[in-house]
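Peer 1: Below you will find the structure I want to go over with you.
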Amino acid sequence: MDLFTELHEMGHERVLVCSNPEVGLRAVIAVHSTLLGPGLGGVRMWPYASFDEALTDALRLSRGMTYKAAAAGINLGGGKAVLVGDPKSGKSEALMRAFGRFVDSLGGDYITAEDVGTDTSDMDWIAMETRWVTGVSPENGGAGDPSPVTAFGVLQGIRATAQRLWGDPSLAGRSVAVQGLGSVGGYLASSLVEQGAKVFGSDIDAEAAARAREAGVEIVPPDQIYDVACDVFAPCALGAVVNDLTLERLKVRAVAGGANNQLEEDRHGVELHRRGILYAPDFVINAGGLVNVYNELIGYNQERAMRMARGIFDNVLRAYAIAERDGLPSAEAGEKMAEERLGAIRSLGPRHWDLAVREALARPR
Ligand code: NAD
10 MDLFTELHEM GHERVLVCSN PEVGLRAVIA VHSTLLGPGL GGVRMWPYAS
60 FDEALTDALR LSRGMTYKAA AAGINLGGGK AVLVGDPKSG KSEALMRAFG
110 RFVDSLGGDY ITAEDVGTDT SDMDWIAMET RWVTGVSPEN GGAGDPSPVT
160 AFGVLQGIRA TAQRLWGDPS LAGRSVAVQG LGSVGGYLAS SLVEQGAKVF
210 GSDIDAEAAA RAREAGVEIV PPDQIYDVAC DVFAPCALGA VVNDLTLERL
260 KVRAVAGGAN NQLEEDRHGV ELHRRGILYA PDFVINAGGL VNVYNELIGY
310 NQERAMRMAR GIFDNVLRAY AIAERDGLPS AEAGEKMAEE RLGAIRSLGP
360 RHWDLAVREA LARPR
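Encoded structure:
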């Protein structure tokens with residue numbers, strides 16, 4: 010498809026292609042919407058095979074951030090960035106600072122944070138060049154890694170899913186298969202063990218799998234995680250894991266996890282619904298990290314951040330209730346929740362940013 014047509018159809022405001030060959034920088038920053046606030050979303054570092062693959066990821070992920078903030082009631086817009094490269098071998102201070110300069114050039118319409126392949130130390134480098142960065146380390150004045158709050162929110166969403174399925178949010182005696190035992194999946198898996206659940210897990214990284222095994226997780230090979238017969242499948246690695254091939258293999262009552270863009274295509278959400286597998290919309294259940302960086306932006310208060318993250322329990326239940334009321338797959342119900350809020354705020358005028366965000370952005374640094 011022609012890029013302009015694609016941008017128009019997906020509703021993006023702008024896309025910045027960033028290149029600095031001297032430091033090996035190849036990146037795309039996509040700002041989907043600044044209606045509710047600045048477009049906030051992490052920067053993913055991944056060895057994309059082509060520019061098209063990187064661009065598609067940036068476009069899909071940034072639109073997901075608009076929906077995530079809107080559905081969670083957070084006054085932020087949607088943006089996301091991708092850096093092409095291997096996060097294990099391709100990082101340097103110069104690369105991150107060069108990326109920071111591109112972020113800065115957008116004047117606050119895009120605010121970055123960590124995502125797959127990036128962490129607080131990268132944010133500290135980016136913060137040398139721009140104030141439009143969150144997830145900065147506490148030593149440098151930030152709120153640190155948002156992953157524990159993301160995992161806490163996902164746990165609330167799995168409890169809400171249990172409430173919906175069995176009328177009881179307790180996870181004691183339930184079984185969960187966690188795909189990806191990195192920052193989010195690792196915290197999630199150990200919290201599930203603490204809650205008394207039987208936890209299966211997989212990771213392509215042997216160290217991450219070994220850490221989880223220590224925490225009481227039964228490790229299965231990465232290609233077998235879809236075949237584990239259990240209550241909940243919790244994707245916490247990359248996207249598009251619910252697809253034509255995996256749907257045939259899932260033997261679970263629900264899909265509820267932290268990864269972004271879990272459905273390869275919208276029709277896979279319809280198919281989950283048809284098969285009677287409850288789906289917690291990814292952008293509703295994984296909003297905890299966004300909650301944390303939003304709080305960092307307006308002045309960090311841990312109690313408020315955790316209270317907001319606890320609200321994910323009710324938000325996931327609300328998506329299920331809208332799905333039932335309107336006879337929709339829950340993925341579409343989550344989008345409806347987000348679109349209703351975007352529509353309501355749009356009627357207040359363009360770029361209707363709330364006072365807390367405006368004051369935070371105007372504060373001298
Ligand atoms: P991470 O890089 O720390 O962890 C991802 C893990 O998945 C890694 O250990 C990796 O080895 C593993 N993995 C990759 N492919 C795999 C496969 N095929 N099978 C099994 N394991 C595989 O990243 P993260 O921060 O934990 O993010 C995980 C997901 O959650 C991503 O989709 C991310 O966008 C989403 N997310 C993260 C946050 C956050 O706060 N970190 C917030 C919202 C959403």
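The sequence shown lines up with residues 10 to 374 when you count with our numbering. C-beta atoms are modelled at their ideal positions from N, C-alpha and C, and glycine is treated no differently.
Buried or exposed for V32, please, with buried defined as at least 16 other CB atoms from any protein chain shown within 10 angstroms of its CB.
Peer 2: Translated into positions along the sequence shown, residue 32 becomes position 23. Flag for V32 reads exposed.
Peer 1: Since K207 is in the beta strand (DSSP E), which residue starts that stretch and which ends it?
Peer 2: Indexing the sequence shown from 1 puts residue 207 at position 198. 207-211 is the span of the beta strand (DSSP E), which, as asked, contains K207.
Peer 1: Would you check if the stretch 300-311 and the stretch 155-168 touch, i.e. whether three or more CB-CB distances between them fall below 8 Å?
Peer 2: Yes: at least three Cβ pairs fall under 8 Å.
Peer 1: Going by DSSP, what residue range makes up the beta strand (DSSP E) through N29?
Peer 2: Along the sequence shown, read from residue 1 onward, the residue named residue 29 stands at position 20. Looking at the DSSP string, the run of the beta strand (DSSP E) that includes N29 is 23-29.
Peer 1: Opposite V185 in the DSSP bridges: which residues?
Peer 2: Locating residue 185 in the sequence shown gives position 176, counting from the first residue. V208, V241.
Peer 1: Taking 7 Å as the threshold (C-beta atoms), are W134 and V112 in contact?
Peer 2: Taking the first residue of the sequence shown as position 1, residue 112 is located at position 103. Taking the first residue of the sequence shown as position 1, residue 134 is located at position 125. No, these two residues do not count as a Cβ contact at 7 Å.
Peer 1: Using only CA atoms, which one of N270, R313, K100, M74 lies nearest to M132?
Peer 2: As a position in the sequence shown, residue 132 is number 123, starting the count at 1. Nearest C-alpha to M132: K100.
Peer 1: What do you reckon, are the CB atoms on G210 and V226 nearer than 7 Å?
Peer 2: Counting from 1 along the sequence shown, the entry for residue 210 is found at position 201. Counting from 1 along the sequence shown, the entry for residue 226 is found at position 217. Yes, they are a contact pair.
Peer 1: Straight-line CA distance for T43 to D363?
Peer 2: Within the sequence shown, numbered from 1, the residue matching residue 43 stands at position 34. Within the sequence shown, numbered from 1, the residue matching residue 363 stands at position 354. Approximately 12 Å between the Cα atoms of the pair.
Peer 1: Going by CA-CA distance only, name the one from P178, A243, N84 that's closest to L306.
Peer 2: Translated into the one-based positions of the sequence shown, residue 306 becomes position 297. It is N84 whose Cα lies nearest to the Cα of L306.
Peer 1: Any heavy atom of the ligand NAD inside 6 Å of the beta-carbon of A268?
Peer 2: Position 259 of the sequence shown holds residue 268. Yes, since a heavy atom of the ligand NAD falls inside the 6 Å radius drawn around the Cβ of A268.
Peer 1: Verify the contact flag: A217, CB atom, against every heavy atom of the ligand NAD, threshold strictly below 6 Å.
Peer 2: Here residue 217 refers to the residue found at position 208 when the sequence shown is read from its first residue. Result yes, Cβ under 6 Å from the ligand NAD.
Peer 1: Which residue's Cα is closest to the Cα of G162: L197, W175, L256?
Peer 2: Your numbering for residue 162 matches position 153 in the sequence shown. It is L197.
Peer 1: Do A218 and D212 have their C-beta atoms within less than 7 Å of each other?
Peer 2: For this step, residue 218 is matched to residue 209 along the sequence shown. For this step, residue 212 is matched to residue 203 along the sequence shown. Yes, the pair counts as a contact, with Cβ atoms nearer than the cut-off.
Peer 1: Using 8 Å as the cut-off, can you tell me whether the stretch 69-76 makes contact with the stretch 280-289, which would need three or more C-beta pairs spanning the two stretches below that distance?
Peer 2: Pairwise C-beta distances place the stretch 69-76 out of contact with the stretch 280-289, as fewer than three of them are shorter than 8 Å.
Peer 1: Name, in chain order, the residues that DSSP records as bridge partners for G87.
Peer 2: Counting from 1 along the sequence shown, the entry for residue 87 is found at position 78. For G87, which the question treats as bridged, DSSP gives the partners S42, L49.
Peer 1: Using only the heavy atoms of the ligand NAD, determine whether one of them is closer than 6 Å to the beta carbon of P231.
Peer 2: As a first step, residue 231 must be located in the sequence shown, where it is residue number 222. Flag set: Cβ of P231 near the ligand NAD.
Peer 1: Going by DSSP, what residue range makes up the alpha helix (DSSP H) through P157?
Peer 2: Here residue 157 is taken as the residue at index 148 of the sequence shown, counted from 1. It spans 156-175 - the alpha helix (DSSP H) in which P157 sits, taken as one unbroken run.
Peer 1: Taking three-plus beta-carbon pairs below 8 Å as touching, is the stretch 332-342 in contact with the stretch 264-282?
Peer 2: yes
Peer 1: Just to confirm, are Y288 and V264 a CB contact at a threshold of 7 Å?
Peer 2: Locating residue 288 in the sequence shown gives position 279, where the first residue counts as 1. Locating residue 264 in the sequence shown gives position 255, where the first residue counts as 1. A distance below 7 Å separates the beta carbons of Y288 and V264.
Peer 1: Look at the Cβ atom of G194, then the Cβ atom of A122, and state whether they are nearer than 7 Å.
Peer 2: Numbered from 1 along the sequence shown, position 185 holds the residue referred to as residue 194. Numbered from 1 along the sequence shown, position 113 holds the residue referred to as residue 122. Using a Cβ distance threshold of 7 Å, G194 and A122 do not count as a contacting pair.
Peer 1: Go ahead and pull the three-state DSSP assignment for I321.
Peer 2: As a position in the sequence shown, residue 321 is number 312, starting the count at 1. Helix, per DSSP.
Peer 1: Identify whether M137 lies in helix, strand or coil by the three-state DSSP scheme.
Peer 2: Here residue 137 refers to the residue found at position 128 of the sequence shown. M137 falls in the coil class under three-state DSSP.
Peer 1: Excluding sequence positions up to five away, which residues of its chain have a Cβ less than 7 Å from the Cβ of R23?
Peer 2: For the purposes of this step, residue 23 is taken as the residue at position 14 of the sequence shown. Closer than 7 Å at the Cβ level, and outside the excluded window around R23, lie V40.
Peer 1: If I measure Cβ to Cβ from R106 and keep anything under 6 Å in the same chain, skipping five residues before and after, which residues do I get?
Peer 2: By 1-based counting over the sequence shown, the position of residue 106 is 97. Only W134, M137, E138 meet the Cβ criterion.
Peer 1: Should A246 be counted as a contact of the ligand NAD given a C-beta to heavy atom distance under 6 Å?
Peer 2: Position 237 of the sequence shown holds residue 246. Yes, the Cβ of A246 comes within 6 Å of a heavy atom of the ligand NAD.
Peer 1: From L259 to A103, what does the alpha carbon distance come to, in whole angstroms?
Peer 2: For the purposes of this step, residue 259 is taken as residue 250 along the sequence shown, with counting starting at 1. For the purposes of this step, residue 103 is taken as residue 94 along the sequence shown, with counting starting at 1. Spanning the two alpha carbons is a distance of roughly 44 Å.
Peer 1: Run through the DSSP bridge pairs and tell me what R35 is partnered with.
Peer 2: Residue 35 sits at position 26 when you count from the first residue of the sequence shown. S28, per the DSSP bridge assignment.
Peer 1: Is the closest heavy atom of the ligand NAD to the C-beta of T127 under 6 Å?
Peer 2: Start at 1 with the first residue of the sequence shown, and residue 127 comes out as number 118. The answer is no for T127.
Peer 1: Tell me which residues share the same chain as G191 and place their Cβ nearer than 6 Å to its Cβ, disregarding the 5 neighbours each side in the sequence.
Peer 2: The sequence position of residue 191 within the sequence shown is 182, counting from 1. Answer for G191: A217, listed in chain order.
Peer 1: Taking the alpha-carbon positions, what's the G352 to V261 distance?
Peer 2: Here residue 352 refers to the residue found at position 343 of the sequence shown. Here residue 261 refers to the residue found at position 252 of the sequence shown. Their backbone Cα atoms lie some 35 Å apart in a straight line.
Peer 1: Could you check if S211 belongs to the surroundings of the ligand NAD, using beta carbon to heavy atom distance under 6 Å?
Peer 2: Counting from 1 along the sequence shown, the entry for residue 211 is found at position 202. Result yes, Cβ under 6 Å from the ligand NAD.
Peer 1: Would the beta-carbon of Y76 fall within 7 Å of that of A296?
Peer 2: On the sequence shown, position 67 is the one that residue 76 refers to. On the sequence shown, position 287 is the one that residue 296 refers to. Not closer than 7 Å, so no.
Peer 1: Write down the C-beta distance between G189 and C245 rounded to the nearest angstrom, noting that I regard them as a contact closer than 8 Å.
Peer 2: Mapped onto the sequence shown, residue 189 falls at position 180. Mapped onto the sequence shown, residue 245 falls at position 236. Between C245 and G189 the Cβ distance is about 4 Å, and since that is below 8 Å, they are a contact.
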